[in-house]
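Printed below as a string of structure tokens:
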């Protein structure tokens, strides 16, 4: 991630003998990215991470995108979805392209205790709308609260356990990695003073438990559009210590510090994350523009080379009407979007907004799935009509 972190016990040097109290050698593993040139972590296992008891092919999970849908604005009502599955089996793909997939979930249960997940070729960023619980990973545990983004590097073995159900959440897979914007960081990687957050706002794993129990443990691995279930005779969270720069983190949307101005500021001021496939922005409660003649909501805009997806965490988005908490709007490239009729005048008296929303702008056009059409409001495009 953005700063060095370590947990548990590690030897003084890499690649030297490191033994337990009985003289048994721990198994060192280097977890590297971009070959040996990117962020990496060194970890120490009780067992050999290469030892597998068996495996089984679970079949294809690649979404079927519709490539013959008309170009128009979309409104998806996720409140029409029914609770089902855990954080993985309950993922419903709504849209995507060759670089990213947006899944929506209404989680109804936790995974069986002996089951875990690893996305072997795509990085993930999750957004937990209204649930609390624990992200349990091979790097340790992270407490999860409503409004948390969870950035999970590819190759991470993890599970997400919630305290109550149902839980609304977003899961985005990407060719990644998911990082903070470069312009927020100085040449040494430290957050600049003008950034809308600091390192203190990011929550790395805080509790590392090295399990020594044996049994049948399952790790579902995603790769090449398929799921493969690997069986291990030992618990996959058997790491006694690690250090490095590659690990999962949590960041709360409520810790984002909005930037405001005399006149309306463009969406990049809300940017929170980015990857090779998209940018992620957080629209948070804030003071509105204070120029005496300011128009306090966005101007009409044409996305010439990107698609815009907005997930609404409440119904207080000033430039939209007809949306509800849990709504998703998709404004594709090529056709302008903007405030619905009457929204500009209605915004004039206000000095602040209570909106809360997550936005994804992609660099390639998005295609929908049938799941998206099943929850679509087909009349959304009419919301701009004045006659």
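Residue numbers (the working numbering): 235 to 621. C-beta: ideal position from N, C-alpha, C; glycine also.
Is the beta carbon of residue i less than 8 Å from the beta carbon of residue j?
| i | j | result |
| --- | --- | --- |
| residue 537 | residue 590 | no |
| residue 334 | residue 596 | yes |
| residue 277 | residue 480 | no |
| residue 474 | residue 242 | yes |
| residue 386 | residue 594 | no |
| residue 314 | residue 609 | yes |
| residue 374 | residue 441 | yes |
| residue 372 | residue 500 | no |
| residue 546 | residue 531 | no |
| residue 282 | residue 454 | no |
| residue 623 | residue 337 | Outside the displayed span of the chain (235 to 621) sits residue 623, for which this structure offers no information. |
Name the DSSP beta bridge partners of residue i, please?
| i | result |
| --- | --- |
| residue 353 | 456 |
| residue 543 | 564, 594 |
| residue 359 | 385, 406 |
| residue 437 | 484 |
| residue 393 | 370 |
| residue 376 | 369 |
| residue 280 | In DSSP, residue 280 forms no bridge with anything. |
| residue 340 | 402 |
| residue 466 | 451 |
Report the rounded CA-to-CA distance for residue i versus residue j, giving the unit in angstroms.
| i | j | result |
| --- | --- | --- |
| residue 280 | residue 572 | 56 Å |
| residue 253 | residue 445 | 16 Å |
| residue 299 | residue 424 | 40 Å |
| residue 345 | residue 465 | 15 Å |
| residue 376 | residue 559 | 26 Å |
| residue 328 | residue 574 | 25 Å |
| residue 271 | residue 265 | 12 Å |
| residue 429 | residue 360 | 22 Å |
| residue 555 | residue 240 | 47 Å |
| residue 251 | residue 259 | 7 Å |
| residue 421 | residue 414 | 14 Å |
| residue 468 | residue 449 | 6 Å |
So for residue i, helix, strand or coil by DSSP?
| i | result |
| --- | --- |
| residue 308 | strand |
| residue 236 | coil |
| residue 326 | strand |
| residue 605 | helix |
| residue 448 | strand |
| residue 262 | strand |
| residue 521 | strand |
| residue 535 | strand |
| residue 501 | helix |
| residue 314 | helix |
| residue 616 | helix |
| residue 271 | coil |
| residue 428 | coil |
Mind reading off the beta-carbon distance from residue i to residue j? Whole number of angstroms is fine, and I expect it under 8 Å.
| i | j | result |
| --- | --- | --- |
| residue 426 | residue 419 | 7 Å |
| residue 457 | residue 354 | 4 Å |
| residue 402 | residue 364 | 5 Å |
| residue 307 | residue 602 | Their Cβ separation, rounded to whole angstroms, is 12 Å, which puts residue 307 and residue 602 out of contact at 8 Å. |
| residue 490 | residue 516 | 4 Å |
| residue 462 | residue 292 | 6 Å |
| residue 236 | residue 436 | 7 Å |
Can you confirm whether residue i, when its beta carbon is compared against all beta carbons of chain D, has any partner nearer than 8 Å?
| i | result |
| --- | --- |
| residue 290 | Chain labels in this structure do not include chain D; a single protein chain is all it has. |
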